[in-house]
Amino acid sequence: MFITFEGPDGSGKTLQMKPTADFLRGQGYSVFPAREPGGTSIGDQVREILMNMDNTSMLPRTETLLFCAARAQLVEEIIRPRLNKGEVVLLDRYADSTLAYQGHGHENDIALIKKVLDFATGGLTPDITFLFDLDPQIGLQRRQKSNGEWNRMDAYQLEYHKRVRQGYLKMAKNDPERWFIIDANQSPDMVQSDLNSLLLLYLSNLSNLS
Ligand code: TYD
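Under my numbering, the first residue of the sequence shown is numbered 122, with each subsequent residue one higher.
Here it is in structure tokens:
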């Protein structure tokens, strides 16, 4: 099972990674958590370039390809082998982040980006994706308050982050079988409880099917 977390910056999804991994382990699954960009030695080096505040001249196309390069490495080195072993891979961001940020955020050709993503991932799609939905203004305020997490992507204009959110909502609406929307403007405990309920529902539907 391949599960991804998506959402605007400051939506609190990263905070939910450990409790969710623990929750799934409690249900008897072997879980491998990872994050993007990064998650491999090469991917972590690419992450440095992407997040570096000095790289103000980076073009959207360069940015798109770098995210995809880190992802290609992660898919082959980590995700596919783990899935083949029957593990649950729980990933903090994946290809939908590129569609939301580099596609909708930068107003690039979505169909073209999908082709690049297909090349980078070999067509590997998550089974289930949770969208931590939040007004970007609130998300960015949260980020500014949390020490040391401000990066080159956060520094894009608010209008950019609004397009990212709308992009996410559109994707979720177009594929309701895969996407579950969680209201991220709640306490972490409430978010976690919503998440666990949805996961239980999904898992019980799975076992009914098999
Ligand atoms: P990070 O500090 O990991 O933030 P978060 O906890 O919100 O995931 O920074 C990742 C940043 O990179 C975030 O602003 C989203 C952005 N991003 C893209 O623009 N495209 C992508 O494909 C990915 C994976 C991330």
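Cβ atoms here follow ideal geometry from the backbone N, Cα and C, with glycine treated the same way.
Look at PRO181 here: in three-state DSSP terms it is helix.
Taking one beta carbon from each stretch, the segment 178 to 196 and the segment 275 to 290 have fewer than 3 pairs nearer than 8 Å; the two do not touch. Between ASP256 and ARG264, the C-beta spacing is not below 8 Å.
The C-beta distance from PHE123 to PRO247 rounds to 5 Å, short enough to fall under 8 Å. In the three-state reduction of the DSSP assignment, PRO158 falls in the coil class.
Between ILE231 and LEU220, the CB-CB gap stays under 8 Å. The C-beta distance from VAL285 to HIS225 rounds to 6 Å, short enough to meet the 8 Å contact threshold.
For ASP239, there is no enclosing beta strand (DSSP E); the residue is found in the alpha helix (DSSP H) stretching over 231 to 242. Shown here for LEU319: same chain residues with a beta carbon closer than 6 Å to its own, the five before and five after excluded, namely PHE301 in chain order. For ASP130, the distance from the CB to the nearest heavy atom of the ligand TYD is below 7 Å.
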